[in-house]
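First comes the structure, then the notes that go with it.
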Amino acid sequence: MLVNSKVLLEDAMKHNYAVAGINTTSLTMLRAVLEAAEEEGTPVILSHAQLHEPYAPIELMGPLMKAAAEKSTVPCSLHLDHGTTEAYIYKALSLGFTSVMADFARFSFEENVERTKKVADVCHEIHVTVEGDYGEMPSNVTGQGRALPEGESLEFFFTKPDKAARYVEQTGVDSLVVSFGSVHGIYIEEPKMDYERLGAIREAVPNTPLVMHGGSGLNEEDTRTCIDGGIRKINYYTYMACEPSKKLVQFISSSGKPPYFHEICEYSRELMKEKARYAIKLFQNRG
Ligand code: 13P
Numbered sequence: 177m178l179v180n181s182k183v184l185l186e187d188a189m190k191h192n193y194a195v196a197g198i199n200t201t202s203l204t205m206l207r208a209v210l211e212a213a214e215e216e217g218t219p220v221i222l223s224h225a226q227l228h229e230p231y232a233p234i235e236l237m238g239p240l241m242k243a244a245a246e247k248s249t250v251p252c253s254l255h256l257d258h259g260t261t262e263a264y265i266y267k268a269l270s271l272g273f274t275s276v277m278a279d280f281a282r283f284s285f286e287e288n289v290e291r292t293k294k295v296a297d298v299c300h301e302i303h304v305t306v307e308g309d310y311g312e313m314p315s316n317v318t319g320q321g322r323a324l325p326e327g328e329s330l331e332f333f334f335t336k337p338d339k340a341a342r343y344v345e346q347t348g349v350d351s352l353v354v355s356f357g358s359v360h361g362i363y364i365e366e367p368k369m370d371y372e373r374l375g376a377i378r379e380a381v382p383n384t385p386l387v388m389h390g391g392s393g394l395n396e397e398d399t400r401t402c403i404d405g406g407i408r409k410i411n412y413y414t415y416m417a418c419e420p421s422k423k424l425v426q427f428i429s430s431s432g433k434p435p436y437f438h439e440i441c442e443y444s445r446e447l448m449k450e451k452a453r454y455a456i457k458l459f460q461n462r463g
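177 is the number of the first residue of the sequence shown in the working numbering; add one for each residue after it.
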């Protein structure tokens, strides 16, 4: 059943858990994620990131994701992850996405607010949920995020509670991505989560569901602490997407014949499904 993200986030707020927002860059991944969610009986946010356009054009992937969400036995929303241009965000709306992330954090605070508000006004007219972003994620992974400017500490990137309140009030977003220690991609060093900051942000915007990106690779204890601290959506992709690559060489070399590509996809689907299941269950925070 296709729904917008707002209803999923409201339920998560009521019951102290986080909805998994998982990127699906192929039919194989889409099936892996949906099967895991359906078998666990939990809602899921199917996400398409603008940066994945070269691998999965939204005009092909979007309708596929929408059809899968509509026939799903669990509530699913169709979310644009990291929409970095207005044109791409509006294309997602025209394809029936029920939720978008307005990713304008690279601009000044004032320009971020102005651009996000314009997008939010359009989206709210058609009952589409808007995820806002104020704060950047530092790079402690190869090739992702912005390097820390010289002489600055990690806090340079993190969401400031007072500005978060202003951002939410002035843009009217439905949920807010916050930066307090997680990063996209592979963690190459232990993340240092700033839980005090998360608590202060939650106090500053008590009615806004908070979103954490870079959810894969965090340990279970940190993940649960984040959820108990108010995180209501966790984005997850890298550790699921990288899972098959470790085992494919062995699979191909032991198959005794040149495996067809659809066999490779099937094998990968099972591996990714187990990763997706792990994340979905962990984020449900059932102890
Ligand atoms: P990971 O790279 O930790 O899987 O996070 C994905 C993400 O945040 C997408 O927006």
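Every residue gets a Cβ at the ideal spot worked out from N, C-alpha and C, and that includes glycine.
- Look at isoleucine 131 and glycine 272 and say whether their C-beta atoms are less than 8 Å apart. For the chain, the structure presents residues 177 to 463; residue 131 sits outside this window and is missing.
- For threonine 274, three-class secondary structure by DSSP: coil
- Does the Cβ of isoleucine 198 have 16 or more other Cβ atoms within 10 Å, making it buried, or fewer, making it exposed? buried
- Task: Give, in chain order, every unbroken run of the alpha helix (DSSP H) that is at least 4 residues long and sits entirely within the region 294-378.
- Result: 337-347
- Collapsed DSSP secondary structure at lysine 409 in the structure displayed: strand
- So does the region 327-336 actually touch the region 306-313, counting three or more Cβ pairs closer than 8 Å? yes
- Item | Cβ neighbour criterion (16 or more within 10 Å) applied to threonine 318 | The predicted model places threonine 318 with a pLDDT of 46, which falls under 50 and marks its position as unreliable; any figure quoted below should be read in that light. It counts as exposed.
- Task: Give me the Cβ distance between isoleucine 456 and alanine 213, rounded to the nearest whole Å; I'm assuming they're in contact under 8 Å.
- Result: 6 Å
- Integer Cβ distance of alanine 208 from lysine 449, believed to fall under 8 Å: 4 Å
- Query: Between tyrosine 454 and the ligand 13P, is the CB less than 7 Å from at least one heavy atom?
  - Reply: no
- Message: Are there any heavy atoms of the ligand 13P lying less than 7 Å away from the beta-carbon of threonine 204, as far as the coordinates show?
- Response: no
- Could one say the Cβ of glycine 361 lies closer than 8 Å to chain B's Cβ atoms, at least one of them? In the structure shown, chain B cannot be found, because there is only a single protein chain.
- Nearest-angstrom Cα separation, counted from methionine 189 out to leucine 166: As displayed, the chain neither begins before 177 nor continues past 463, which places residue 166 out of reach and without an answer.
- Message: Output needed for tyrosine 412: all residues of its chain with C-beta closer than 6 Å, excluding positions within five of it in sequence on either side, in chain order.
- Response: Ala196, Ile198, Gly391, Ser392, Ala455
- Query: Going by other Cβ atoms of all chains shown within 10 Å of its Cβ, with 16 needed for buried, is threonine 399 buried or exposed?
  - Reply: buried
- Task: Under 8 Å Cβ to Cβ from threonine 384, same chain only, skipping five residues before and after it: list those, please.
- Result: Val344, Val349, Asp350, Ser351, Leu352
- Task: Using three-state DSSP, classify alanine 212 as helix, strand or coil.
- Result: helix
- Taking one C-beta from the region 245-254 and one from the region 210-225 each time, how about it: are there three or more such pairs within less than 8 Å? yes
- Among residues of its own chain, excluding the 5 on either side of alanine 296, which ones have a beta-carbon nearer than 6 Å to its beta-carbon? Val306, Thr347, Gly348, Val349
- Assign histidine 389 to buried or exposed, taking buried as 16 or more other Cβ atoms, counted over all protein chains shown, within 10 Å of its Cβ. buried
- Item | Under 8 Å between C-beta atoms of leucine 394 and serine 358 | yes
- Give every residue of the same chain whose Cβ lies closer than 6 Å to the Cβ of lysine 242, excluding the five residues on either side of it in the sequence, and list them in chain order. Leu254, Gly272
- State yes or no: is the C-beta of proline 420 within less than 8 Å of the C-beta of leucine 386? no
- Query: beta strand (DSSP E) containing glycine 217: first to last residue?
  - Reply: Counting along the chain, glycine 217 falls outside any beta strand (DSSP E), and DSSP gives it neither H nor E.
- Item | Entirely enclosed alpha helix (DSSP H) segments - the region 216-272, minimum 4 residues | 234-246, 262-270
- Item | Reduced DSSP secondary structure (H/G/I, E/B, other) of methionine 189 | helix
- Close Cβ partners of alanine 244 (< 6 Å) along its chain, the five nearest in sequence each way excluded: Leu206, Leu210
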